[in-house]
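Beneath this line is the structure, given in structure tokens, with notes to follow.
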């Protein structure tokens with residue numbers, strides 16, 4: 006009888022580990038892949054996963070990847086930029102990204118849509134396992150994106166769509 010209980014318990018534990026977290030739970034998990042230290046950003050992300058399927062799917066996809074994303078509000082972004090994504094240097098198999106967003110003057114809906122736009126960029130990196138440094142990230146965006154004015158930034162149609170879709174879902 007003891008053997009049966011042990012086997013059943015091990016099977017249950019394995020199933021629990023494989024089952025995907027909901028997007029809302031993924032934002033709260035100790036090993037979460039989308040992180041912030043900013044209360045306002047956290048609240049906005051929680052609203053995003055609660056009210057937008059697209060936002061939730063972005064968080065879910067990042068959670069199932071080897072990418073960890075830190076989202077922070079930044080008031081000092083260069084003129085004309087509302088958000089940006091950085092690949093942080095690392096010496097292990099985990100990849101770290103930082104998203105900075107300018108939220109001043111934005112409604113909660115617009116702020117969530119902006120974060121979705123940047124999270125889509127994080128998903129683009131997550132889907133490209135070869136992106137490990139600035140050079141490979143630049144090659145990715147040369148391939149999938151459009152170069153912005155001045156050539157120092159890129160934009161993708163997928164990120165534009167994600168932002169628009171989330172805004173539409175939030176408007177109901």
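Residue numbers (our numbering): 6 to 177. Where a beta carbon is used, it is the ideal one built from N, C-alpha and C, also for glycine.
| Check | Outcome |
| --- | --- |
| Proximity below 9 Å, CB of residue 101 to CB of residue 72 | yes |
| Own chain partners of residue 48 with C-beta closer than 7 Å, once the 5 adjacent residues on each side are dropped | none |
| Residues near residue 53 in its chain [Cβ-Cβ closer than 6 Å; skip 5 each side] | 60 and 117 |
| Spatial neighbours of residue 82 in its chain, beta-carbon cut-off 7 Å, leaving aside the 5 residues before and after | 89, 105 and 107 |
| Among 158, 149, 173 and 164, the one whose alpha carbon lies nearest that of residue 84 | 158 |
| Alpha-carbon to alpha-carbon, residue 30 and residue 67 | 13 Å |
| Residue 114 in three-state terms, based on DSSP | helix |
| Residue interval of the beta strand (DSSP E) (run including residue 77) | 72-78 |
| Per-residue DSSP class, three states only, for residue 168 | helix |
| Inter-stretch contact (C-beta, 8 Å, three-pair minimum) for the stretch 119-139 and the stretch 164-172 | yes |
| Close-in-space but distant-in-sequence residues of the same chain around residue 149 (CB under 7 Å, 5 per side omitted) | 129 and 161 |
| C-beta atoms of residue 43 and residue 76 nearer than 9 Å | yes |
| Residue range of the alpha helix (DSSP H) that includes residue 177 | Element bounds for residue 177: n/a, residue is neither H nor E. |
| Simplified DSSP state of residue 130, which is helix, strand or coil | helix |
| Secondary structure, alpha helix (DSSP H): runs of 4+ residues fully inside the stretch 30-95 | 44-56 and 58-68 |
| Which listed residue (34, 120, 132 and 97) has its alpha carbon closest to that of residue 103 | 120 |
| Simplified DSSP assignment, three categories, for residue 107 | coil |
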